[in-house]
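Under my numbering, the first residue of the sequence shown is numbered 80, with each subsequent residue one higher. Below you'll find the structure, written out as structure tokens, and then a few comments.
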Amino acid sequence: MKNRIISPSLLSADFSKLKEQIDVVVDAGATRLHLDVMDGHFVPNFTFGPFIVKAIRKLTDAHLETHLMISNPEKYLQDFIDAGSDTLIFHYEASNDINRDIDIIKSNNILAGIAINPDTDISNILPFLDSLDYVLIMSVNPGFGGQGFIDETLEKMKKLSSLSLKYDFIVGVDGGVNLNTINKVYETGVDVTIVGSGLYKSDNINKRFNDLMKR
Ligand code: DX5
Ligand code: ZN
80 MKNRIISPSL LSADFSKLKE QIDVVVDAGA TRLHLDVMDG HFVPNFTFGP
130 FIVKAIRKLT DAHLETHLMI SNPEKYLQDF IDAGSDTLIF HYEASNDINR
180 DIDIIKSNNI LAGIAINPDT DISNILPFLD SLDYVLIMSV NPGFGGQGFI
230 DETLEKMKKL SSLSLKYDFI VGVDGGVNLN TINKVYETGV DVTIVGSGLY
280 KSDNINKRFN DLMKR
């Protein structure tokens with residue numbers, strides 16, 4: 080069995096005590112953090128830009144995976160690289176030139192990821208698997224935390240997990256994962272499970288992290 084990796088999504092954290100909210104998941108065993116960047120255009124919501132990623136970089140040594148839910152990602156890739164991302168993920172649906180965007184990221188010696196929406200078929204990204212480090216399967220329509228898990232995306236997780244054994248990339252799942260849905264995610268063989276509200280909305284975040292790991 081693969082190692083289970085839970086990547087807490089700070090979207091559901093309390094930003095008024097961000098350092099505490101990072102430390103609690105790192106103390107519980109988290110080695111990576113998921114940062115959701117939204118532009119109010121590609122998705123109908125806003126979050127934060129490189130300035131906040133840079134601040135988070137100063138607060139932790141954890142691996143930072145920055146999930147760009149923004150149009151025209153090529154305009155901002157360098158800013159998020161310079162801010163200290165370890166993995167930079169852009170959306171298949173937002174990119175104007177996927178090979179170029181992967182090249183920009185990888186030429187800066189960080190890891191390149193692509194995210195696909197629930198309605199996007201994996202056949203679209205097969206040509207890029209060779210050069211990708213990470214594929215993020217959206218199990219909700221991007222834009223908000225706390226949405227319901229879309230079961231139809233499980234099949235894509237299974238297919239990509241088996242493809243990942245042949246190529247050199249890891250698979251993540253993002254959206255609607257909580258105590259009730261995490262088992263079916265684990266069964267697909269994905270590497271990284273992103274959890275936002277299912278972790279941060281708990282009264283005992285440390286215990287919840289461990290409960291999610293043990294499922
Ligand atoms: C959704 C974001 C997710 C979000 C997940 O657009 O990309 O990373 O934080 O939140 P939950 O786990 O609450 O669905
Ligand atoms: Zn995300």
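Here a beta-carbon is modelled for each residue, glycine too, at the ideal position from N, C-alpha and C.
In this structure, Asn220 keeps its C-beta atom at 8 Å or more from the C-beta atom of Asn203. Three or more beta-carbon pairs separated by less than 8 Å link the region 114-127 to the region 86-103, which places the two stretches in contact. Per the coordinates, the alpha-carbon of Val264 lies some 20 Å from the alpha-carbon of Ile284. Distances between the C-beta of Asp253 and the heavy atoms of the ligand ZN include at least one below 7 Å. Using a 10 angstroms sphere on the CB of Lys235, the tally of other CB atoms reaches 16 or more, which defines it as buried. Checking the 7 Å criterion, the Cβ of Ile193 is out of range of every heavy atom belonging to the ligand ZN.
Its Cα nearest to that of Leu143, the residue Asp165 stands out among Glu266, Phe169, Asp270, Asp165. When the beta-carbon positions are compared, Leu215 and Ile168 come within less than 8 Å of each other. Rounded to whole angstroms, the gap between the alpha carbons of Val252 and Gln157 is 25 Å.
Put simply, of Ile84, Gly119, Thr145 the residue whose alpha carbon is nearest the alpha carbon of Phe223 is Gly119. At a Cβ-Cβ threshold of 8 Å, Leu205 and Gly192 do not count as neighbours.
With respect to Gly255, Phe228 sits close: the two C-beta atoms are nearer than 8 Å.
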